[in-house]
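J.:
Residue numbers (our numbering): 2 to 497.
#1: Do residue 344 and residue 354 have their CB atoms nearer than 7 angstroms?
#2: Just checking my contact of residue 400 with residue 444 at CB under 8 angstroms: how many whole Å lie between their CB atoms?
#3: By the DSSP assignment, the beta strand (DSSP E) with residue 90 in it spans what residues?
#4: Measure the alpha-carbon distance for residue 365 versus residue 159 and round it to whole angstroms.
#5: In the structure shown, what three-state DSSP assignment does residue 416 receive?
#6: Helix, strand or coil for residue 228 per DSSP?
#7: By alpha-carbon positions, which one of 72, 76, 297 ends up nearest to residue 97?
#8: Measuring only the C-alpha atoms, how far is residue 405 from residue 418?
#9: What runs of the beta strand (DSSP E), each 3 residues or longer, lie entirely inside the region 45-133?
#10: Am I right that residue 441 and residue 390 are in contact with their C-beta atoms under 8 angstroms? What's the rounded C-beta distance?
#11: Put residue 246 into one of helix, strand or coil per three-state DSSP.
#12: Assuming residue 433 and residue 398 are in contact, meaning their beta carbons sit under 8 angstroms apart, how far apart are those beta carbons, in whole angstroms?
#13: With three or more C-beta pairs closer than 8 angstroms as the rule, is the region 36-43 touching the region 92-106?
#14: Measuring alpha carbon to alpha carbon, tell me which of 183, 188, 297, 212 ends up nearest residue 233.
#15: What are the boundary residues of the alpha helix (DSSP H) that residue 280 is part of?
#16: In terms of residue numbering, what span does the alpha helix (DSSP H) encompassing residue 33 cover?
#17: Between the alpha carbons of residue 200 and residue 228, how many angstroms are there, rounded?
#18: Tell whether a beta-carbon distance below 7 angstroms holds between residue 152 and residue 120.
#19: For residue 337, which option in 307, 150, 457, 276 has the closest C-alpha, if you only look at C-alpha atoms?
#20: Pairs of beta-carbons, one from the region 260-280 and one from the region 239-246, closer than 8 angstroms: are there three or more?
#21: Let me know the alpha helix (DSSP H) ranges lying completely inside the region 382-469, each 4 residues or longer, listed in chain order.
#22: Exposed or buried, what is residue 231 when buried is set at 16 or more other beta-carbons lying within 10 Å of its beta-carbon?
#23: Our contact map puts residue 113 next to residue 216 with C-beta atoms below 8 angstroms; I'd like the distance itself, whole angstroms only.
#24: Given a threshold of 16 other Cβ atoms within 10 Å of its Cβ, counted over all protein chains shown, does residue 379 qualify as buried or as exposed?
#25: Just the Cα atoms here: how many angstroms apart are residue 167 and residue 90?
#26: Identify which residue in 169, 213, 357, 116 has its Cα closest to the Cα of residue 62.
#27: Count the CB pairs spanning the region 308-315 and the region 178-196 that are closer than 8 angstroms, and state whether there are at least three.
#28: Helix, strand or coil for residue 261? Go by DSSP, reduced to three states.
#29: So is residue 30 in contact with chain C if we call contact Cβ pairs under 7 angstroms?
#30: Going by the beta-carbon positions, is the gap between residue 220 and residue 303 smaller than 7 angstroms?
#31: So which of 293, 478, 50, 360 has the shortest CA-CA distance to residue 1?
#32: What residues in its chain sit with their C-beta under 6 angstroms from that of residue 272, if we drop five residues either side in the sequence?
#33: Between the C-alpha atoms of residue 486 and residue 124, what's the straight-line distance to the nearest angstrom?
#34: Just grab the DSSP bridge partners of residue 180 for me.
#35: Between the Cα of residue 481 and the Cα atoms of 474, 489, 105, which residue gives the shortest distance?
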């Protein structure tokens, strides 16, 4: 029987129903995130995240890795995403940066003699958000000495096999499938291809060689590309108006338009076939394996990356819309042999595709200065269901090769010393061959638990403008704090 009843805490009426799978606007949920976290389905995701981290720590410990923390207040070495800067009160006018990754410190740990390192590392990047990105995120980070790419990849896929088996009781066959970067781009238009459905890109250069149609001929004459995909059997489900909307949909990827042929049982319509000869039309249809009921979609451009990006994204969008994705099992693979550099139109120079410490392949070393666009890296990414969940490389451990790399990126010796001098100096004392990788924990948890957004698996996430709705961060600070730091806030132009 009850002898005493005491109320431990009183509660006002919550702003929304705290029930599993209740339909509440995300902004309201995140403003009252502490209430949202009471919901069983939300808590399950946080518990799942904890279990994945525990499996990771146990797996790497059993394989001889030491968990070592690296600093969160570090030197700013701008190359890539923007740093989050932290002003120093003790050194006015100087700034720490929050780490975008533990990259340099984990390499120094290899030089220090710790052969196997891991860390559940907090990382920070000041970049635009999307569904699978946050300004602060977590990596399962690792580095190994006296290894080649095969050794690192074996450890990485061993972890994935372990976490799938222990968390979801799913057996992942290893070794994982492999595909070179060149093959992935040619076939799928993406370096993180989703192989759970077909609709591969087809090169139409041979079919259209000699065509007089200016859109296709101009792209080919400029060294560009004309490629297409075949949405098989869906002609009745894709109207002309919807195709026009798809043409607008690909414009953000740089495409100037979307050519199409629609083959229905009741007739045919095309935006380009009237400009081709019968032989060219037949060759295009044959190359794409066209049959009645199909929709052929083609992008042409002087810049092949525009064609790859447009069709690579479009095939995924159409597969999602038409339910073509086999979701019965996870699809994992490695992408290998990345380019070492990519050309930045914005900066008008080559930049590192991954980072400046990635080792080039030995057979490409003679091209490092003379032909940087054709140098391949000892780099590898793990892809899960069309999402990059991990990536890494073998690192440069030769100081002269590292200096050549900096020169190829346009750094003067003085600039390289200013930004990375502590690493260059350390190499003078002998660095072992080493390499590693990092798994994006938030993205991995999101995909394994079947969530739509990384925000679903983070206890207190940020929204699209990098703010936190619950605490209203970022916020203004006391003028006294700014004075102590020697900072003056400039007036901002009014927004329209």
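Heads up, the beta-carbon is just placed ideally off N, CA and C, and yes, glycines get one too.
Since the structure is predicted, the reported quantities are computational estimates derived from the model, not experimental observations.
T.: The short version:
#1: As a working mapping, residue 344 is identified with position 343 in the chain shown. As a working mapping, residue 354 is identified with position 353 in the chain shown. Contact flag unset, no.
#2: Looking up residue 400 in the chain shown gives position 399. Looking up residue 444 in the chain shown gives position 443. Residue 400 to residue 444, Cβ: 34 angstroms. No contact.
#3: Reading the chain shown from its first residue, position 89 is the one you call residue 90. Segment: none, residue 90 is in no beta strand (DSSP E) and carries neither H nor E.
#4: Here the question's residue 365 lines up with position 364 in the chain shown. Here the question's residue 159 lines up with position 158 in the chain shown. Each residue's Cα considered, the two are about 30 angstroms apart.
#5: Here residue 416 refers to the residue found at position 415 of the chain shown. Helix, per DSSP.
#6: Along the chain shown, one-based indexing puts residue 228 at 227. Note: residue 228 maps to strand in three-state DSSP.
#7: Your numbering for residue 97 matches position 96 in the chain shown. Looking at the Cα atoms, 76 is the closest of the given residues.
#8: Taking the first residue of the chain shown as position 1, residue 405 is located at position 404. Taking the first residue of the chain shown as position 1, residue 418 is located at position 417. Near 13 angstroms, if we compare the C-alpha coordinates of residue 418 and residue 405.
#9: 86-88, 96-98, 117-125
#10: One-based indexing of the chain shown puts residue 441 at position 440. One-based indexing of the chain shown puts residue 390 at position 389. Correct: roughly 6 angstroms between the Cβ atoms.
#11: Against the chain shown, residue 246 aligns to sequence position 245. Residue 246 falls in the helix class under three-state DSSP.
#12: Walking along the chain shown from the start, residue 433 turns up at place 432. Walking along the chain shown from the start, residue 398 turns up at place 397. About 7 angstroms separates the two Cβ atoms, so the contact holds.
#13: no
#14: For the purposes of this step, residue 233 is identified with residue 232 of the chain shown, where counting begins at 1. Closest option to residue 233, Cα to Cα, is 297.
#15: Working through the chain shown from its first residue, we reach residue 280 at position 279. Taken as a continuous stretch (DSSP letters only), the alpha helix (DSSP H) holding residue 280 covers 279-289.
#16: As a first step, residue 33 must be located in the chain shown, where it is residue number 32. No alpha helix (DSSP H) contains residue 33, which DSSP labels as neither H nor E.
#17: In the chain shown, the residue the question calls residue 200 occupies position 199. In the chain shown, the residue the question calls residue 228 occupies position 227. The alpha-carbon atoms of residue 200 and residue 228 are separated by roughly 12 angstroms.
#18: The sequence position of residue 152 within the chain shown is 151, counting from 1. The sequence position of residue 120 within the chain shown is 119, counting from 1. Going by C-beta atoms, residue 152 is not nearer than 7 angstroms to residue 120.
#19: Taking the first residue of the chain shown as 1, we reach residue 337 at position 336. Ranking 307, 150, 457, 276 by Cα distance to residue 337 puts 150 first.
#20: yes
#21: 400-409, 414-428, 442-449
#22: Position 230 of the chain shown, counted from the first residue, corresponds to residue 231. Classification of residue 231: buried, given that the 10 Å Cβ count is 16 or more.
#23: For this step, residue 113 is matched to residue 112 along the chain shown. For this step, residue 216 is matched to residue 215 along the chain shown. That pair is no contact at about 58 angstroms.
#24: Taking the chain shown and counting its residues from 1, one reaches residue 379 at position 378. Buried, since its Cβ has 16 or more Cβ neighbours within 10 Å.
#25: Taking the first residue of the chain shown as position 1, residue 167 is located at position 166. Taking the first residue of the chain shown as position 1, residue 90 is located at position 89. If you take the alpha carbons of residue 167 and residue 90, they lie about 47 angstroms apart.
#26: As a working note, residue 62 is residue 61 in the chain shown. If we check each option's Cα against that of residue 62, 116 comes out closest.
#27: yes
#28: As a position in the chain shown, residue 261 is number 260, starting the count at 1. Of the three classes helix, strand and coil, the one that applies to residue 261 here is strand, per DSSP.
#29: The chain inventory of the structure shown lacks chain C, comprising one protein chain alone.
#30: Position 219 of the chain shown, counted from the first residue, corresponds to residue 220. Position 302 of the chain shown, counted from the first residue, corresponds to residue 303. The answer is yes: Cβ separation under 7 angstroms.
#31: This structure leaves residue 1 out entirely; the chain is present only between 2 and 497.
#32: Taking the chain shown and counting its residues from 1, the one referred to as residue 272 is at position 271. Closer than 6 angstroms at Cβ, skipping near neighbours: 260, 261.
#33: Numbered from 1 along the chain shown, position 485 holds the residue referred to as residue 486. Numbered from 1 along the chain shown, position 123 holds the residue referred to as residue 124. Those two C-alpha atoms are separated by around 24 angstroms.
#34: Locating residue 180 in the chain shown gives position 179, where the first residue counts as 1. Note: residue 180 sits in a beta bridge opposite 336.
#35: The sequence position of residue 481 within the chain shown is 480, counting from 1. The candidate whose alpha carbon is nearest that of residue 481 is 489.
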